[in-house]
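Worksheet: one structure, shown below.
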Amino acid sequence: MCASTVFEHGVAVRHPRLFELLQLFQKRHPEVIEKISPADERASGYAGRRLLAVCNKSKIERILAYMLDESEFFGPYGIRSLSRHHLEHPFVFRVGHEEYRVQYLPGESNTGMFGGNSNWRGPVWMPVNVLLMRALLNLYQFYGDDFKVECPTGSGNMLALFEVAQEISRRLSNIFLRDQNGRRPLYGGSKKFQEDPHWKDYILFYEYFHGDNGAGLGASHQTGWTGLIARSLDLFARLTPEDALQIAKDELAARMTRQQVAGH
């Protein structure tokens, strides 16, 4: 998505050329414009902002209804990479005499396909969750607090998109934090990592995590993307919904960086 109004030093600045291109696209592809969120005078959001996105509001509601359903994507430790619905309803197809299936696998793969990698078959993968949180925060800056969705789906609990992103972050953090029994979900049934005084307080950054119980899987040194959990915790410790709405993204990022460097 991109904005037709950008912020420079906190001041909104319009780019006429972008509007010209949008108007030309609207003229040539009216059937597409009907399905997206157009960045023109028909769609003015919080503080007069514009939004150009592949999903309009009704599509976002439909997507989030599935994504925030705990029987599908919304697990206790973050967003699963494949819906849990496919545990009992796998996608099956046949080529010749061979049968192939895509089934929800919360942990390691049960086949040698793709080197046994199961990232896209059910486990929680940190980069996907972070991209979703960022998208929700971007949309929140346009829709504000007036747009609420049910989270989790079927709960009757209505949240703004900022709060949905915050809830995803909270569930991700539960992977690493001690539960009511003093155990960290990421270490699963490993007695040494759960109980040994020399190991229990060291956090490993696993490649991905079990979609149902949060246990760490794959490589244990993926600080490149699993380390994003630190950024997520820091973000929601510093950012309020009011800040997200009032301050331009670039200015907000600069402010947070200054705070981090200064140790505030």
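Each residue of the sequence shown is one higher than the one before, starting from 363 at the first, in this note's numbering. Using N, Cα and C, we set each Cβ at its ideal position, and we do this for glycine too. Only a predicted model underlies this, so the values are computations on that prediction, with no experimental measurement involved.
- Non-local beta-carbon contacts of Lys419 in its own chain, meaning distances under 6 Å to residues more than five positions away in sequence, are absent.
- Nearest neighbour of Gly586 by Cα position, chosen from Leu566, Asn575 and Asn472, turns out to be Leu566.
- Residues Asp507 and Lys510 of the same chain have their beta carbon placed closer than 6 Å to that of Ala522, with the five preceding and five following residues left out of the count.
- Tyr462: member of the beta strand (DSSP E) spanning Glu460 to Val464, first to last residue.
- Burial check for Val454: the Cβ neighbour count within 10 Å stays below 16, so the residue is exposed.
- With fewer than 16 other CB atoms across the displayed protein chains lying within 10 angstroms of its CB, Val416 is exposed.
- In the DSSP assignment, Arg446 falls outside any alpha helix (DSSP H) and carries neither an H nor an E.
- DSSP places Lys419 in the uninterrupted alpha helix (DSSP H) bounded by Lys419 to Met429.
- Tyr549 has its alpha-carbon roughly 34 Å from the corresponding atom of Ala606.
- Between Asn491 and Leu534, the gap from beta carbon to beta carbon is short of 7 Å.
- By DSSP's assignment, Ala522 forms a beta bridge with Lys510.
- In the three-state reduction of the DSSP assignment, Val416 falls in the coil class.
- Leu498 sits away from Ile441, with the two beta carbons spaced by 7 Å or more.
- Within 10 angstroms of the beta-carbon of Ser517 lie fewer than 16 other beta-carbons, which makes it exposed.
- In the DSSP assignment, Arg456 forms a beta bridge with Glu461.
- Within the same chain, no residue comes within 6 Å of Gly551 by CB-CB distance, once the 5 residues on both sides are set aside.
- Where Ile591 is concerned, the enclosing alpha helix (DSSP H) starts and stops at Leu590 to Arg600.
- For Glu557, the enclosing alpha helix (DSSP H) starts and ends at Lys553 to Glu557.
- Looking at the backbone, the Cα of His583 and that of Pro438 are separated by about 23 Å.
- In the DSSP assignment, Val394 forms no beta bridge with any residue.
- DSSP, read as helix, strand or coil, puts Gly578 in strand.
- The alpha carbon of Ser433 has as its nearest neighbour, out of Thr515, Glu557, Gly458 and Ala615, the alpha carbon of Thr515.
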